[in-house]
Amino acid sequence: KSDEASAPKEKARFGFLFIFASTLLYFVLILFEFPYFEKLKKNYFSNKVASMYQIIAKDFNQSFVRYFKLRSRIVLLLSLIYLATFIILDIPGIILITTLVVLLSFIPYMQYFALIPLSLGCLVLSIETGHSFILFFGIILGVFILASLLEELVLTPWIMEKNIGMNPVIMVLALSIWGYLLGLPGLLIGIPITSLSIIYFKRFILPSYKESLLRNE
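Pasting the structure below:
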């Protein structure tokens, strides 16, 4: 009876995880198929509306779309390291754990929350193999720290900063401010919101400020 009672809970848990993962993957697919929607705009919008839409779409593409595309590349590269480690150690529930780590990695440093279920996996490995729990958990923790250093020192400057043109100090400051204001959603969209704000600042506020300085001179 206990097995029969736990079966619906496991199905509901798997269904929620499947819906969440598929939604995120579909969102990433839409980002990479963004040019398709630009073609629809050319066919079905008038010139006036099209020009306004083109400006908004360009700004959105330069901030949100580009950011999540680049972030997806970083996450996919790091996920190969995590997956290889889990396979070598033979962690229980490799697919679910890897999916959880990948989803959490879209928010910087959130992947460390996956250490909680991973500690349980290390405990199971320790019981099955007779080796120390500290050995397995230390290896996984070291891989997480190595992946973070690789992201900060190599991948972010090479992929993110090179294409977005935003200084890493501003990125960290943006994450801190938006994370404080909006919580977890702020950590997810903090950098693209800041990038969009910089675009509009340069377009609307900075020219008027320069004009006022020239008038004063």
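If you read the sequence shown in this note's numbering, its first letter stands for residue 2, the second for the next number, and so on.
We put the CB at the ideal spot given by N, CA and C, even for glycine.
For residue j and residue i, the rounded distance between their alpha carbons
i	j	result
leucine 154	threonine 195	21 Å
proline 109	serine 120	21 Å
arginine 72	proline 186	15 Å
isoleucine 171	cysteine 123	37 Å
lysine 203	leucine 197	10 Å
isoleucine 200	leucine 142	39 Å
methionine 111	lysine 70	18 Å
leucine 150	isoleucine 178	23 Å
threonine 99	isoleucine 92	10 Å
leucine 183	valine 76	23 Å
phenylalanine 104	asparagine 217	Reading off the sequence, residue 104 comes out as leucine, not phenylalanine. Approximately 53 Å between the Cα atoms of the pair.
leucine 90	alanine 148	17 Å
leucine 174	proline 193	13 Å
alanine 115	valine 102	6 Å
isoleucine 95	isoleucine 140	16 Å
leucine 188	isoleucine 160	19 Å
leucine 84	isoleucine 146	15 Å
valine 125	glycine 131	10 Å
For residue i, the three-state DSSP class (helix, strand or coil)
i	result
serine 133	coil
glycine 184	coil
tyrosine 110	coil
isoleucine 160	helix
isoleucine 194	helix
valine 50	Only weak support exists for where valine 50 lies, its pLDDT of 47 falling under 50; the value from the coordinates is given anyway. In the structure shown, valine 50 sits in a helix (DSSP, three-state: H, G or I).
Residue i - containing alpha helix (DSSP H), residue span
i	result
valine 1	Because the chain in this structure spans residues 2 to 218, residue 1 falls outside the shown range and cannot be described.
valine 76	67-90
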